[in-house]
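Residue numbers (mature numbering (1 follows the signal peptide of the UniProt record, and there is no 0)): -18 to -1, 1 to 654.
Working notes for the structure below.
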């Protein structure tokens, strides 16, 4: 009874040994496909023997477009780091982090917190972010910036804000008025209001106008409000509805609406805020009012020191109560003048004009700013990080592209490390100095799109930057790595590079020697002409002019010199020259470039034909190439040196199944 079980167990061991002999051990991290003799690696492993760890993928920071205005495809380490194949961990470029280098490192956010673009779109605080919407473009969870605490500003929240207020010299303006409409019939509980992220204490529906005013005036950003109740009522809520009109008498400008949190329960209740011209809901209360007074740093009558948050007022102005009278707020909001500011002995520093006879303010010339035109303005660019103002609409214009601080003495942006340009508008290329490790060219996303090729290596003619979603087209840069232009002796040992920073050499691709009945690509060139020259192009490389009387050897030499071809065989159907009046058919067999290939193209403007019509070169496909074109012929593993580490029983081929110097693991001594 025990024999069948014993035989079954033995057969499993035998089959396992057979599989191992066909594929190797797969390093214990995969299983052998005995039909193809290829290791199918477990998740997290790669390599011909599953001996290498794979790293996580993320949306690429920079890559080649795959269609018009379509890029940022998944890539190992998000194309912003190198994979350590021993550990499976990404080593990220400075300024990027996350398992797949998939998120932008935040600035230090000295007095604030780090948020993503997606988070900023919903994080209305009426101080940093004012619009609640959605943002789901490719960078929604990748690009991050700072949400500053109240009283701080700058892309890194390192600068202090100065008190803002109404210009005391201007008149005929209106203060902001908002309405709180509240119905509470036998209800209980409370509600709270917030302004610029600061919350009141819980307020009872039986609160008086004075109670509501006191709760609001206790908030740090509010300098003073008055509250008036509608219909002669005494509480902010009542059984048939009441309206509390809230006038911001000491906060200038068109203010964000108060935010409401209701905790009213039981009975019948309804509570809401009206602003922006909306009328109160009860007692025929007049419409709310958008403030038309100014809300300017230092009330537009002083210079703000962002290191201290203090105003230096121009002559004639000083501290106010927020309402144009003398007071305790150091906002330069009290006073008057009949002259424009002087600086360096000149009105408006000789860099602007004075609005004399109206409000006596400096109107600065381009490139200058400040109350007296002594500060230099910095350039602007599309913001790297900001709030969305509508679904998927963001990256508005900002000083120093919201990636640096403005030096108002020099007018120059001080950019965060990794960003450059006059307005910090460009992400630096990786790879140090020179960029791309000296083995490639730094290109913008728009430029990379123009270099995109299809599966057969032909330029696709894509563009990138034609829609609002391609905000990064001239801002994000990546490396276009160098192609090798010299044969060898081992083609993998010369200048062809890869990786996000062009720091690693590529390994040669070739045909799998264990695949059967695969053939090389064959194309025909029928040349009608008997004088002049023509040229042939393949994958963006072009031969020198070829004589109509070229021999097969000359055509082999010219085509073989192209880095995209390297090796061909050429034969003529008649004669010894490439062209004739009646036409010569040249058959080109591609012995190095493998797989299905694009057609050669011909330039015939310098070709002549003495009779029989116009000269031409007609190109056609005779045999579609079916040989695989995979790294290390699928029988070896990549090494950063650019040499394939071939599996046992495999070594370099000539591209045609024989031993040679291709360096591709395409020759085998194993039985097929």
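We treat Cβ as the ideally placed atom computed from N, Cα and C, and that holds for glycine.
When burial is assigned at 16 or more other CB atoms within 10 Å of the CB, is residue i buried or exposed?
i           : result
residue 384 : buried
residue 633 : buried
residue 473 : Bear in mind that a pLDDT of 42 at residue 473, under 50, signals an unreliable position, so the model cannot answer this.
residue 604 : exposed
residue 181 : exposed
residue 328 : exposed
residue 487 : buried
residue 437 : exposed
residue 547 : buried
residue 325 : buried
residue 354 : buried
residue 334 : buried
residue 134 : buried
residue 250 : exposed
residue 220 : buried
residue 258 : exposed
residue 494 : buried
residue 320 : exposed
residue 526 : exposed
residue 155 : exposed
Starting from residue i, follow its DSSP beta bridges and name the residues at the other end.
i           : result
residue 571 : 504 and 551
residue 385 : Looking at the DSSP assignment, residue 385 forms no beta bridge with any residue, so it has no partner.
residue 11  : According to DSSP, which records beta bridges pairwise, residue 11 is partnered with nothing at all.
residue 85  : 79
residue 408 : 402
residue 459 : 426
residue 357 : 351
residue 61  : None; residue 61 has no bridge partner.
residue 161 : 227 and 256
residue 605 : 504
residue 656 : Any question about residue 656 goes unanswered here, given that the chain covers just -18 to 654.
residue 364 : 379
residue 23  : 12
residue 134 : 142
residue 486 : 480
residue 174 : 243
residue 220 : 165
residue 649 : 633
residue 662 : Here the chain has residues from -18 to 654 only, and residue 662 is not among them.
residue 599 : 509
residue 336 : 344
residue 522 : According to DSSP, residue 522 bridges with nothing at all.
residue 638 : Bridge partners of residue 638: none, in fact.
residue 329 : 324
If I'm right that residue i touches residue j with Cβ under 8 Å, what's the distance once you round it to whole angstroms?
i           : j           : result
residue 517 : residue 524 : 6 Å
residue 145 : residue 417 : That belief does not hold up - the Cβ atoms of residue 145 and residue 417 are roughly 45 Å apart, past 8 Å.
residue 86  : residue 126 : 5 Å
residue 88  : residue 74  : About 14 Å; that fails the 8 Å criterion.
residue 27  : residue 40  : Contact doesn't hold; Cβ gap of about 19 Å is too wide.
residue 314 : residue 283 : 4 Å
residue 611 : residue 576 : 4 Å
residue 550 : residue 570 : 5 Å
residue 152 : residue 276 : 7 Å
residue 532 : residue 559 : 7 Å
Considering only the beta carbon of each residue, do residue i and residue j sit closer than 7 Å?
i           : j           : result
residue 460 : residue 430 : yes
residue 31  : residue 42  : no
residue 351 : residue 331 : no
residue 502 : residue 572 : yes
residue 302 : residue 149 : no
residue 109 : residue 178 : yes
residue 37  : residue 91  : no
residue 419 : residue 410 : no
residue 370 : residue 98  : no
residue 309 : residue 234 : no
residue 512 : residue 592 : yes
Is the closest heavy atom of the ligand GTP to the C-beta of residue i under 6 Å?
i           : result
residue 444 : With respect to small molecules bound, the structure shown includes none, and the ligand GTP cannot be examined in it.
Contact between the stretch 578 to 587 and the stretch 496 to 508: three or more CB pairs below 8 Å? Output reads yes: the stretch 496 to 508 touches the stretch 578 to 587.
Measuring CB atoms only, is the stretch 370 to 380 touching the stretch 92 to 104, in the sense that at least three cross pairs come out at less than 8 Å? yes
Under 8 Å: do the stretch 155 to 167 and the stretch 225 to 244 share three or more Cβ pairs, one atom per stretch? yes
Can at least three beta-carbon pairs, one atom from the stretch 38 to 52 and one from the stretch 437 to 448, be found at a separation below 8 Å? yes
With a threshold of 8 Å, are at least 3 pairs of Cβ atoms found where one atom belongs to the stretch 192 to 201 and the other to the stretch 281 to 300? no
With a threshold of 8 Å, are at least 3 pairs of Cβ atoms found where one atom belongs to the stretch 261 to 274 and the other to the stretch 202 to 222? At 8 Å Cβ cutoff, the stretches touch.
Could you check whether the stretch 167 to 184 touches the stretch 268 to 276, counting it as contact only if at least three pairs of C-beta atoms, one from each stretch, sit closer than 8 Å? The stretch 167 to 184, when compared against the stretch 268 to 276, does not touch it at the 8 Å Cβ threshold.
Are there three or more Cβ pairs, one per stretch, closer than 8 Å when the stretch 389 to 397 is compared with the stretch 358 to 372? yes
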